[in-house]
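Each residue of the sequence shown is one higher than the one before, starting from 374 at the first, in the working numbering.
The block underneath contains the structure these notes are about, expressed in structure tokens.
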Amino acid sequence: MTWLDWVPGVRLPDLVAGHDVSLGIFGTTDKAQRVVPTKVYQGLAAGCVVVTSDTAPQRAALEGSAVLVPPGDAGALADALRSLADDRDRLAKLKTSGQMYAAERFRPAAVVQQLRRSVDHLEYGHR
């Protein structure tokens, strides 16, 4: 692991895409239990394996496309990272499947389509 100084936003996509793993959130606060941070979506889109906390919103949004660990459990996080480092085939498969999942679910056209269905449902009832 290497700690980096602040990275300008324009350089961030290439920096993230050059890595195997992107870390999500691991807190135990009420807020941490309710959110899926943007960096989780960005990590998947960049082709990284995302490791993040196992919370209801993240489970629902990610549907198996990320490695989930119990919130606040540093040992489980370390084990997950060690497991990925030790199994390069699994790492490669997760990188590919996560990026494909992000492309299918989180690109603007896909998000707009989901939003439109929701608005139509509210405006016109079930279709």
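C-beta: ideal position from N, C-alpha, C; glycine also.
Nothing here was measured: the structure is a model prediction, and the numbers come from that model.
Here Leu-457 has Asp-393, Val-394, Val-422, Val-424, Val-440, Arg-463, Leu-464 and Leu-467 as same chain residues with Cβ atoms under 8 Å from its own Cβ, once five neighbours each way along the sequence are excluded. Burial of Ala-418 is indicated by the presence of at least 16 other C-beta atoms within 10 angstroms of its C-beta.
CA-CA distance, Glu-496 to Val-409, rounds to 27 Å. Contact between the segment 476 to 489 and the segment 446 to 461 is absent, with fewer than three C-beta pairs closer than 8 Å.
Spanning the alpha carbons of Ala-483 and Arg-432 requires a straight line of approximately 19 Å. Taken through DSSP and simplified to helix, strand or coil, Leu-388 comes out as helix. Within the model, the alpha-carbon separation for Trp-379 versus Gly-448 is close to 27 Å. Where Thr-469 is concerned, there is no enclosing beta strand (DSSP E), although the alpha helix (DSSP H) around it starts and stops at 461 to 478.
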